[in-house]
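Structure first, commentary second.
Residue numbers (the numbering used here): 32 to 418.
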């Protein structure tokens, strides 16, 4: 019997389909068997997995609290000063206005006297410096002329004709580019009076600073002057502190009266800068060391337990004011990419404005401090379901 070519082809296709279906059927059977086995074992395994997960979460919470309690940091030997705190949170607001004004007016010299939050209670102070650093900016998109490609010794009549035509009508090749440049920005200021001195660092204002704030990687911190090791600190906060280049905080601190209190302060990012600045000055301006007092507002956690313990030794008079509804003071988590703990005696208040930023902004802190509602005592808030 003659077999036509078409029959052979169809037969081959049928054989292939049959083989494929057979293989797929076996795979399907195996999958169904595995699913059935998984269903039989799931309840028991799921229960044990959930139990392990809950126990793990509880252990993490208790371990973090145990780390904090184990430090046993000694409290300040000077009492928290409400009147000074009102001035310092006002200065933190002014530092934000200084930054914004510097970004807006090209001829602004950093003077704080004409800023909206300045008031006569600061007239007794002399502004002796403004901290400046550099931030990377991208200018508006611009077009630039690109010269024609150099063909060397190769001759192309068509290309030469096109080049001649371009020259005749005055056309140029253009390309849109973005020019990156560094522009000076303000990071705060320094005030001096017969009664005391104030060093202020401003809070977060740029996207880059927020990115640095949430870069929770830790890095070893060794004081560049003394060479002393201080544990691990937040890499993003250190980068922001090192951006202050004019003047260097420890250099300007040498000009301050060492016989009167020196208050170092900041809100948000400014608080983390103040934590690093206070340690820097305490280490490298020894005549000022006994009179340093650190007041921070909405401060995130800066370093690990080693850093916190050594910081407390060198800056014992440290006070940390937080809004309990503000998430930033709880960042980074105690256990994340490294271990983080706070520095300073905690003073807290509760002001819930219904959203992330209103709970965090300096004006919320200023209102609470002016009303004197912050306290260092534990409060018993009603918490549903917990006794």
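Each residue gets a CB set at the ideal place from its N, CA and C atoms; glycine is no exception. Being a predicted model, the structure only gives us computed values, none of them experimental.
- About 5 Å separates the Cβ atoms of residue 148 and residue 125, confirming a contact at the 8 Å cut-off.
- With a 10 Å radius around the Cβ and a threshold of 16 neighbouring Cβ atoms, residue 405 comes out buried.
- DSSP lists 295 and 349 as the beta-bridge partner residues of residue 325.
- The C-alpha of residue 385 is placed about 43 Å away from the C-alpha of residue 316.
- Assignment of beta-bridge partners to residue 355 by DSSP yields no partner.
- Just so you know, the alpha carbons of residue 164 and residue 281 end up roughly 15 Å apart.
- Ranked by Cα distance from residue 152, the options 265, 334, 222 and 333 are led by 222.
- Here residue 399 is not near residue 387, since their CB atoms are 8 Å or more apart.
- The beta carbons of residue 306 and residue 319 sit about 16 Å from each other, so the pair does not count as a contact at 8 Å.
- Under the 10 Å beta carbon count, residue 110 is surrounded by fewer than 16 other beta carbons and is classified as exposed.
- By the CB criterion at 8 Å, residue 271 and residue 304 fall inside the cutoff.
- When 269, 314, 228 and 285 are compared, the shortest CA-CA separation from residue 115 is found for 228.
- Non-local beta-carbon contacts of residue 395 in its own chain, meaning distances under 7 Å to residues more than five positions away in sequence, involve 354, 382, 384 and 389 in chain order.
- Going by DSSP, residue 232 is part of the beta strand (DSSP E) stretching over 228 to 232.
- Rounded to whole angstroms, residue 331 and residue 392 show a C-alpha spacing of 14 Å.
- Beta-bridge pairing by DSSP links residue 222 to 158 and 229.
- When secondary structure is reduced to three states using DSSP, residue 163 falls in the strand class.
- Between the alpha carbons of residue 279 and residue 287 lies a gap of roughly 14 Å.
- Here the alpha carbons of residue 234 and residue 275 stand approximately 13 Å from one another.
- For the 8 Å CB-CB criterion, residue 266 and residue 249 form a contact.
- A residue is called buried when at least 16 other Cβ atoms come within 10 angstroms of its Cβ; residue 258 does not meet this threshold and is exposed.
- Exclusion of the five residues before and after residue 128 leaves 146, 147 and 148 as the residues of its chain whose Cβ lies within less than 7 Å of its Cβ.
- Straight across, the Cα-Cα distance linking residue 371 with residue 313 is about 22 Å.
- Residue 262 is positioned such that its CB atom lies closer than 8 Å to that of residue 337.
- For residue 116, the enclosing alpha helix (DSSP H) begins and ends at 113 to 135.
- For residue 251, the uninterrupted beta strand (DSSP E) run begins and ends at 249 to 253, by DSSP.
- Between residue 264 and residue 334 the beta-carbon gap is near 4 Å, inside 8 Å, which marks them as a contact.
- If you compare the alpha carbons of 346, 369, 277 and 310 with that of residue 105, the shortest gap goes to 346.
- Proximity to residue 292 across 268, 342, 321 and 409 peaks at 321, based on C-alpha coordinates.
- 8 Å or more divides the Cβ of residue 230 from the Cβ of residue 143.
- Burial state of residue 273 is exposed, judged by a 10 Å Cβ sphere holding fewer than 16 other Cβ atoms.
- For residue 369, the pairing in a beta bridge is given by DSSP as 367.
- The shortest C-alpha to C-alpha distance from residue 344 to any of 358, 362, 323 and 290 is the one to 323.
- Taking a C-beta distance under 8 Å as the contact criterion, residue 327 and residue 308 do not qualify as a contact pair.
- The C-alpha of residue 364 lies about 28 Å from the C-alpha of residue 122.
- Contact annotation, residue 220 with residue 141: C-beta distance approximately 7 Å; criterion of less than 8 Å satisfied.
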